[in-house]
Amino acid sequence: MNNKQRWMGGVVLLGGGVLLAALLLKGKEEIHQNNIKQTEQVEQVQQQNAKPDSGMVQLQGLTVDVETEKRLLEEQRRAREKAVAEQEARAAEFLATQQQAEADAARKAAEEYAALNAARTGAQQSSDNIPPELVEDEKAKQKRLAEEKLAAQKKLDQQKTQQQSEADKKQSAERLKAEAQRKEDEERKALAKAAEEKKLREAEAQRKLEAQRKADQERQVAAKAAEEKKLREAEAKRKEDAKKKVEADKARDLLENGDKQWMVQVALAANAANADSVISRLKAKGYKVVQSPTSKGIRIMVGPAKSRDVADVTRKKITTDASLNMKSAWVIDWVPLDRR
492 MNNKQRWMGG
502 VVLLGGGVLL
512 AALLLKGKEE
522 IHQNNIKQTE
532 QVEQVQQQNA
542 KPDSGMVQLQ
552 GLTVDVETEK
562 RLLEEQRRAR
572 EKAVAEQEAR
582 AAEFLATQQQ
592 AEADAARKAA
602 EEYAALNAAR
612 TGAQQSSDNI
622 PPELVEDEKA
632 KQKRLAEEKL
642 AAQKKLDQQK
652 TQQQSEADKK
662 QSAERLKAEA
672 QRKEDEERKA
682 LAKAAEEKKL
692 REAEAQRKLE
702 AQRKADQERQ
712 VAAKAAEEKK
722 LREAEAKRKE
732 DAKKKVEADK
742 ARDLLENGDK
752 QWMVQVALAA
762 NAANADSVIS
772 RLKAKGYKVV
782 QSPTSKGIRI
792 MVGPAKSRDV
802 ADVTRKKITT
812 DASLNMKSAW
822 VIDWVPLDRR
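Each residue of the sequence shown is one higher than the one before, counting from 492 in the working numbering.
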């Protein structure tokens, strides 16, 4: 009966080790499957985000869906923490079950050992009545039982050491995996932040360039307006100066000549017929002719001119025109009768 209990305890311990390994393997597979699903979700979102509109091709390479990335990373972290927590809970439950089984086995071993001690004491008390060969068989049995107990305890210690080593390796692997995931998340966040900062810098540079272009355009418009204003002012000044000069010339002419009109007298006709002949020849040449009767005859004049110089030029043209034959023309200061 005692040997059967020992074998049952060993079977329980061995089954517990197999169950723990199965639970750890299953938890690892679940975490791996969750990571694969989450990676596929991230790739699907990134592929969807990688389809830009035709009007935004130049800027889409710099666009990062930060909010979607953060949400997926957070979901991945929560799933990973949940899987680790479930695995730790299963491991703790199994360890508690194993500890209970070990306690039961230890208790049974103690009871068995106490029974053996009691039997040994009773055997010693009645050893005088037991044949020597039976005493030797009992000693061999006790030795065998002690060796079996020592081997079972050694095997149990080895299993516990192996389980603890596997648990430590598992925890170390989980820590390394979590650290690698954390670094990967930090690198991804750093890349997203760098891309966002680059996008902001390019937008700021574009804004400054546009502002500079607008400022240059406004400066050119202002310079053109100033130049046009300067030209208008110069033209206005020129016209004003010309107007002042004309007025000054008029004033000077009025001051110098008063109401005088300079005429070129070409002939003094004795009668109207002679006067008409001379006038017709002058008008045929395009001259403006004025006649004024005097006591000596009809005075025939060309003009009037505003100055003596102008009248003298007209006189020279008349005297040099052979077809007119008026070589005795001269300039006179003439005042109309209505102004005398």
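Glycine included, each C-beta is placed from N, C-alpha and C at the ideal position. None of the values given here were measured: they were computed from a predicted structure.
- In this structure, the CA atom of MET792 is about 28 Å from the CA atom of GLU738.
- The three-state reading of DSSP puts ALA760 in strand, counting E and B together.
- ALA813 carries a coil assignment under DSSP once its states are collapsed to helix, strand and coil.
- DSSP places SER656 in the helix class (H, G or I) of the three-state scheme.
- Excluding five sequence positions before and after LYS774, the CB atoms of its chain that fall closer than 8 Å to its own CB belong to VAL780, given in chain order.
- For SER786, the secondary structure class from DSSP, reduced to helix, strand or coil, is coil.
- In the displayed model, ALA713 falls within a helix according to three-state DSSP.
- In this structure, the beta-carbon distance from ILE789 to ALA763 falls below 8 Å.
- Taking a contact to require three or more Cβ pairs closer than 8 Å, the region 681 to 696 and the region 628 to 648 do not qualify as touching.
- Between ALA760 and MET817, the CB-CB gap reaches or exceeds 8 Å.
- A distance of 8 Å or more separates the beta carbons of GLN756 and ILE809.
- For ALA733, DSSP records no beta bridge to any residue.
- Residue burial is scored here from C-beta neighbours: GLY777 has fewer than 16 other C-beta atoms within 10 angstroms and is therefore classed as exposed.
- By the neighbour-count criterion, in which 16 or more other beta carbons inside 10 Å mark a residue as buried, GLU560 falls on the buried side.
- Leaving aside the five residues that flank TRP825 on each side, the residues in its chain whose CB is nearer than 6 Å to its CB run, in chain order, GLN752, MET754.
- Distance from the CA of LEU815 to the CA of LYS807, rounded to the nearest whole angstrom, comes to 12 Å.
- LYS689 and LYS661 have their C-alpha atoms some 41 Å from each other.
- Take the alpha-carbon of GLN578 and the one of ARG598: they are about 30 Å apart.
- Around the beta-carbon of VAL769, 16 or more other beta-carbon atoms lie within 10 Å, marking it buried.
- When the beta-carbon positions are compared, VAL575 and GLU665 come within less than 8 Å of each other.
- For ALA796, the three-state secondary structure derived from DSSP is strand.
- Looking at the DSSP output, ILE791 shares a beta bridge with ALA758, GLN782.
- Looking at the DSSP output, VAL822 shares a beta bridge with VAL755.
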